[in-house]
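Numbering (the working numbering), first residue to last: 11 to 315. Here the structure is laid out as structure tokens; the discussion comes afterwards.
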């Protein structure tokens, strides 16, 4: 495959109508984002703002290459790129609100250059297979030091701000170790709702620890239920991971005598979670009313009951 790519590149470059070969590349590391454009006579490389995405770096590289091409007398060009996502975006000629703004800029410049008689071809090549120009662009992008003065695309800025907010939120949440919800959801992230409203309601009650059995006494001014073995107040936390009275049932349904709330009530709850409470229906009467629905939802085999 590598020899075939070399042969095709040589044929286009030496014998074909397109006399100039250009290869570009975008790069993103933990510390910076950069791109490079390799011309037969010169190599350009620039650093971008760290909030820019790899796609932004790659599309800017194409835009930069077109800008350089516009000042040259040659009219036939090939731009080689290893970014398939850029080519797919440019192949869609129907702009919509979700398009990256720089994609529209590239298409606009392409049109202007075509009206001036330029014939430009974009060609995809696989990365890291030994193509000289592509490898040169990789090295140039990784070693880029010159900053490029540009406006950060809104789509990248929104992602960057969102990441910063989530990071700050996580830092604050990490300090709330005494909050009962921290044990259930230690990481700040989106949890999708279940497709069944009933299942989602019951799961939420378990996550926040408010169930009919543990909190019904508040409506009647009664004493909270107590664990006869541990002599402590009954709660979702006590029943699921703590009380030794349920060790055998945990082993049966969760394959472990000791479990954590986060592993059972996570983004994807344990498949046998509601089976555990069916066996102990005396504790969670509010769960049982929707139990048949939940078993169908989680595809629990009847043999487990």
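Glycine included, C-beta positions come from ideal geometry on N, C-alpha and C.
Whole angstroms is fine: what's the gap from residue i's alpha carbon to residue j's?
i, j, result
"residue 165", "residue 56", "20 Å"
"residue 230", "residue 174", "46 Å"
"residue 202", "residue 215", "15 Å"
"residue 243", "residue 219", "13 Å"
"residue 179", "residue 72", "37 Å"
"residue 88", "residue 59", "28 Å"
"residue 66", "residue 154", "16 Å"
"residue 254", "residue 182", "33 Å"
"residue 53", "residue 91", "15 Å"
"residue 129", "residue 110", "24 Å"
"residue 228", "residue 234", "8 Å"
"residue 299", "residue 273", "The predicted position of residue 299 is uncertain, since its pLDDT is 42 and thus under 50; a value taken from the coordinates is nonetheless stated next. Using only the alpha carbons, I get a separation of about 24 Å."
"residue 62", "residue 186", "32 Å"
"residue 86", "residue 119", "15 Å"
"residue 143", "residue 167", "31 Å"
"residue 115", "residue 163", "12 Å"
"residue 269", "residue 169", "35 Å"
"residue 283", "residue 260", "10 Å"
For residue i, which of the options has the nearest alpha-carbon?
i, options, result
"residue 252", "100, 193, 178 and 54", "193"
"residue 199", "212, 172, 213 and 225", "172"
"residue 101", "134, 78 and 126", "134"
"residue 44", "94, 217 and 160", "160"
"residue 93", "81, 64 and 114", "64"
"residue 266", "278, 250, 224 and 277", "250"
Can you name the start and end residues of the beta strand (DSSP E) that residue i belongs to?
i, result
"residue 79", "Note, residue 79: premise wrong, no beta strand (DSSP E); alpha helix (DSSP H) at 64–79."
"residue 91", "86–91"
"residue 46", "43–48"
Check whether the Cβ atoms of residue i and residue j lie closer than 8 Å to each other.
i, j, result
"residue 46", "residue 156", "no"
"residue 68", "residue 96", "yes"
"residue 213", "residue 226", "no"
"residue 70", "residue 112", "yes"
"residue 263", "residue 285", "yes"
Identify whether residue i lies in helix, strand or coil by the three-state DSSP scheme.
i, result
"residue 208", "helix"
"residue 97", "helix"
"residue 129", "strand"
"residue 272", "helix"
"residue 234", "coil"
"residue 267", "coil"
"residue 284", "helix"
Is the closest heavy atom of the ligand NAP to the C-beta of residue i under 7 Å?
i, result
"residue 239", "Summarising the ligand content, the structure contains no ligands, and the ligand NAP is consequently not present."
Do we get a CB-CB distance below 8 Å when we pair residue i with the residues of chain D?
i, result
"residue 287", "Note that chain D does not occur in the displayed structure, where there is just one protein chain."
Within the continuous alpha helix (DSSP H) that includes residue i, where are the two ends?
i, result
"residue 169", "164–184"
"residue 224", "222–225"
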